[in-house]
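Residue numbers (the working numbering): 2 to 496. Where a beta carbon is used, it is the ideal one built from N, C-alpha and C, also for glycine. This structure is a prediction, so every number in the text was calculated from the model and none was measured. These notes are about the structure you will find just below.
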């Protein structure tokens, strides 16, 4: 049961940093649970097993899009649900069956994992009720499904109320036994399958990295034909086709740029991938730049970053996209400065915190403190007065990441400096900015742009590009959602 979930919040960052084998722990922990969800919707055992395997492979591929590591189970259930729905649609279920299926598996964004399990168990109860004796079945249906009281059931059947209680008690015992047998039978099939983890990890470790680029592009081309009228889905396919060519054969870069441009045009303005598409366009220009000067390897993060402004707060939500590490550059460990600045409760800005007050993130132990609101700070882009100074402390021994960060924001400008002296020293300063509108410590308007440079990385050895630009803003009932293109990359100069 997911109410007793193992805590993976310290393991997932390490998987994302390249320790792929740790993903096996997630597979082992959730394989029976996911198989139970899938097999409740897909009645063929072998098909359910295949779909369960696909769930974990997709989970690995999309792991960097998971915003809350504590909800890995619910996230995998959502992937499983969507895969089952697509499979059933291909099996040409009629409209009524699809409606029943959607009612049966609720939207996971609004429901807990335990709620889904309860719904699944309720469905299983309906099945095992048929195996009860006639007298037990009758009182069970009247009590649990038709919602009659025990007194009403006694009157309907013309029997003593004590008899109703006894029959319900016996029925509950038999139901519990049958359900336990059913769950044990389902779980044993995968628990005893020692090869299940090996199958998943074989795909992750061997097949995915070696998948021929042309094979992947062929698959995407086939999908593009199917989604001609769905612009957002089409845009997503163009984005991933572009991503598959980025960092690969250099002659494919122009094609990748065309794909990114189409993705930027087609993807919905409120999609979290909107910024990632614009970031893709920018990275291609960088990859094509001065290749006679720089080594072909590149360390880069190409993503969209999503912020949410509500009340006196601005939160960092997620950064869908992809990373590529061509060489080791420890000084660039904190180059995604917005992500690191928001380690405590995902807050970049929280004006409800008073100067000197501490706020602790109970999920990861990170602590945010407002140090001052009136400092004068000089950075590469100039000198700024009355700056907001925030300090964030965060330790994660699992990934050897230690943050003792100081972050400064200038009013009507934005984040101007990120400094860390925990573990690996880092100092990123605003070097150029363009503000087209908005106000506050992070002014919000499409076209607002910020460039940063690390002063701890030698410009004689590396070319660096760190840029954030607001590409879309969506007003919703619970706040303002801000999509940024985020490009962080380093190229090593040739000796």
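Considering just the uninterrupted stretch of the alpha helix (DSSP H) at residue i, what are its terminal residues?
i           : result
residue 366 : Where residue 366 is concerned, there is no enclosing alpha helix (DSSP H), given that its DSSP letter is neither H nor E.
residue 456 : Per DSSP, residue 456 belongs to no alpha helix (DSSP H) and is neither H nor E.
residue 161 : Unbroken run through residue 161: none, as it is neither H nor E.
residue 46  : 46-62
residue 479 : Neither: residue 479 is in no alpha helix (DSSP H) and is coded neither H nor E.
residue 337 : It is not in any alpha helix (DSSP H) - residue 337 carries neither H nor E in the DSSP assignment.
residue 135 : 135-141
residue 35  : 24-42
residue 67  : Note, residue 67: premise wrong, no alpha helix (DSSP H); not H, not E.
residue 356 : Neither: residue 356 is in no alpha helix (DSSP H) and is coded neither H nor E.
residue 279 : 275-288
residue 13  : 13-17
residue 240 : 232-246
Among the options, which one has its Cα closest to the Cα of residue i?
i           : options            : result
residue 152 : 165, 238, 355      : 165
residue 301 : 314, 425, 319, 334 : 334
residue 323 : 276, 364, 361, 365 : 276
residue 286 : 488, 77, 28        : 488
residue 13  : 34, 63, 50, 52     : 63
residue 365 : 17, 65, 71, 58     : 71
residue 23  : 199, 79, 446, 68   : 199
residue 352 : 313, 384, 320      : 313
residue 176 : 140, 427, 38       : 140
residue 338 : 405, 385, 11, 170  : 405
residue 382 : 411, 362, 343      : 411
residue 87  : 48, 463, 69        : 48
residue 371 : 317, 150, 393, 462 : 393
residue 367 : 144, 344, 77       : 344
residue 409 : 378, 439, 438      : 378
residue 486 : 66, 280, 463       : 280
residue 76  : 42, 31, 46, 41     : 31
residue 143 : 355, 169, 46, 129  : 169
residue 1   : 304, 271, 359, 154 : This structure gives no information on residue 1, because the portion of the chain shown stretches from 2 to 496.
residue 197 : 356, 25, 173, 336  : 25
Going by DSSP, which residues form a beta bridge with residue i?
i           : result
residue 490 : 301, 466
residue 419 : 408, 429
residue 446 : DSSP output for residue 446 lists no bridge partner at all.
residue 266 : According to DSSP, which records beta bridges pairwise, residue 266 is partnered with nothing at all.
residue 384 : 379
residue 373 : 390
residue 434 : 451
residue 132 : Per DSSP, none; premise fails for residue 132.
residue 1   : Nothing about residue 1 can be reported from this structure: the residues present for the chain run from 2 to 496 only.
residue 396 : 403
residue 323 : 303
residue 471 : 485
Going by beta carbon distance, what residues of the same chain come within less than 6 angstroms of residue i, once the five residues before and after it are set aside?
i           : result
residue 73  : 9
residue 247 : 257
residue 443 : 315, 415
residue 278 : 240, 261, 264, 265, 268
residue 482 : 309, 475
residue 452 : 432, 433, 468
residue 108 : Only weak support exists for where residue 108 lies, its pLDDT of 32 falling under 50; the value from the coordinates is given anyway. Nothing listed; no residue qualifies.
residue 53  : 35, 36, 39
residue 376 : 388, 390
residue 57  : 28, 201
residue 380 : 417, 418, 430, 431
residue 491 : 300, 330, 333, 463, 465
residue 50  : none
residue 448 : 437
residue 244 : 323
residue 473 : 270, 275, 484
residue 420 : 407, 428
Just reading off the beta strand (DSSP E) that residue i is part of, what are its end residues?
i           : result
residue 316 : 314-319
residue 348 : 348-351
residue 359 : 359-361
For residue i, verify whether its CB is less than 6 angstroms away from any heavy atom of the ligand FMN.
i          : result
residue 60 : Ligands in the displayed structure: none, and consequently the ligand FMN is not present.
Taking 7 angstroms as the limit between beta carbons, can you name the residues of its chain near residue i, skipping five residues before and five after?
i           : result
residue 232 : 267
residue 456 : 428, 430
residue 17  : 64, 65
residue 189 : Summary for residue 189: the model assigns pLDDT 45, below 50, so the residue's position carries little reliability; its value from the coordinates is reported in the next sentence. Cβ within range, chain order: n/a, list empty.
Suppose the cutoff is 8 angstroms on Cβ atoms and the five residues either side in sequence are ignored; what does the same chain contact list for residue i look like?
i           : result
residue 478 : none
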